[in-house]
Amino acid sequence: MVRTIISGFEAKNFGRIWTIVKKDELLQRTEFEIVLVFLLLFFL
1431 MVRTIISGFE AKNFGRIWTI VKKDELLQRT EFEIVLVFLL LFFL
């Protein structure tokens, strides 16, 4: 039950982050920065 809620929350956050990454493609972010942002948002 809790696992399902967490998975849904992760998927929702990932979708939002992916959209941001796609919009910022012109800035050519490195994969490291993308992972760093994802981890920061995940642990906050």
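My numbering applies: residue 1431 is where the sequence shown begins, and numbers increase by one.
Positions of the beta carbon are idealized from the N, C-alpha and C atoms, including for glycine.
This one's a predicted model, so the numbers in the text were calculated from it and none came from an experiment.
Measuring CB to CB, does Phe1472 end up less than 8 Å from Asn1443? yes
Looking at Ile1447: is its Cβ nearer than 8 Å to the Cβ of Phe1462? no
Separation of Ile1450 from Ala1441, as counted between CA atoms: 14 Å
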